[in-house]
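Protein chains in written order, with this note's numbering: chain P, -7 to 105; chain H, 1110 to 1223.
Backbone N, C-alpha and C fix where the C-beta goes; we use that ideal spot for every residue, glycine too.
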């Protein structure tokens, strides 16, 4: 089955700096890659996603890049703010697999004011 | 996107007992997914629930331990049976967001087994 590795497990940045979280996946047939943000005590929420036919997608301060050849994708957050502090999960999905997602282990991002 | 109501939000249960978790969706959805999230860890898929058929369980999860019902396109239950302290976790239901394969999640059930 699919295996997703996520790095780093923890990341601390100064407010205003950029943060990058990287994930690799094993199944070349995976074709949808969402990112979720989970604040303490709350449910995960989808923040951005990318499909395998796209190399980059941007939404305001967040962007995701995908390298299908290398089977890795990354989340980029620019101009970080304290409210960006949360756990971020990447996931890989095979749409022929009933839409099931395999999640990375998560990255705890702390943005220091 | 769909809105999911999940209950109970938390419970403390005695070992050997069972707890049923309910998820109600405000729109009809084909598939519902049940995840487990142990403290400080990632999300692990327990099973996929389709209406009108038996749930499909992931490796390491069995129907006798985690029976699932899916009586219609807006509702599902997950039962955690014969609980032990190792079952202490957060259980989340989820459904696909329209137009893609991203999820929206229920608010979760924090289960503590004593």
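Extent of the continuous beta strand (DSSP E) to which residue i belongs
i	result
residue 32 of chain P	Where residue 32 of chain P is concerned, there is no enclosing beta strand (DSSP E), given that its DSSP letter is neither H nor E.
residue 4 of chain P	2 to 6
residue 48 of chain P	48 to 51
residue 1179 of chain H	1177 to 1181
residue 66 of chain P	64 to 69
residue 1219 of chain H	1218 to 1222
residue 59 of chain P	54 to 59
residue 1184 of chain H	1184 to 1189
Cα-Cα separation between residue i and residue j, rounded to whole angstroms
i	j	result
residue 1183 of chain H	residue 1136 of chain H	6 Å
residue 1178 of chain H	residue 1165 of chain H	11 Å
residue 1200 of chain H	residue 1146 of chain H	6 Å
residue 1111 of chain H	residue 1211 of chain H	12 Å
residue 1117 of chain H	residue 1154 of chain H	20 Å
residue 1229 of chain H	residue 1160 of chain H	Look at the range of chain H in this structure, 1110 to 1223, and you will see that residue 1229 of chain H is not part of it.
residue 1127 of chain H	residue 105 of chain P	45 Å
residue 41 of chain P	residue 1180 of chain H	31 Å
Chain P residues whose Cβ lies nearer than 8 Å to that of residue i
i	result
residue 1205 of chain H	91
residue 1217 of chain H	35
residue 1151 of chain H	81, 95, 96, 97, 98
Amino acids of chain H, ordered along the chain, whose beta-carbon sits closer than 7 Å to that of residue i
i	result
residue 107 of chain P	Any answer about residue 107 of chain P is impossible in this case: the structure gives chain P only from -7 up to 105.
residue 26 of chain P	1211
Which residues DSSP lists as bridging residue i, in chain order
i	result
residue 93 of chain P	P/85
residue 23 of chain P	Answer is none; residue 23 of chain P lacks a bridge partner.
residue 1116 of chain H	H/1131
residue 1146 of chain H	H/1152, H/1199
residue 79 of chain P	P/30, P/100
residue -2 of chain P	P/15
residue 1061 of chain H	Only positions 1110 to 1223 of chain H appear in this structure, which leaves residue 1061 of chain H out of reach.
Residues that residue i contacts on chain P, provided the C-beta gap is smaller than 7 Å
i	result
residue 1154 of chain H	92
residue 1201 of chain H	35
Beta-carbon neighbours of residue i, restricted to chain P and to distances below 9 Å
i	result
residue 1170 of chain H	Near residue 1170 of chain H there are no residues of chain P at all, since even the closest Cβ is about 13 Å away, more than 9 Å.
Proximal residues of chain H, C-beta to C-beta of residue i below 8 Å
i	result
residue 38 of chain P	1206, 1211, 1212, 1213
So, do the region 9 to 25 of chain P and the region 66 to 75 of chain P have three or more beta carbon pairs nearer to each other than 8 Å?
Contact check between the region 9 to 25 of chain P and the region 66 to 75 of chain P: three or more CB pairs, one atom from each, fall below 8 Å, which counts as touching.
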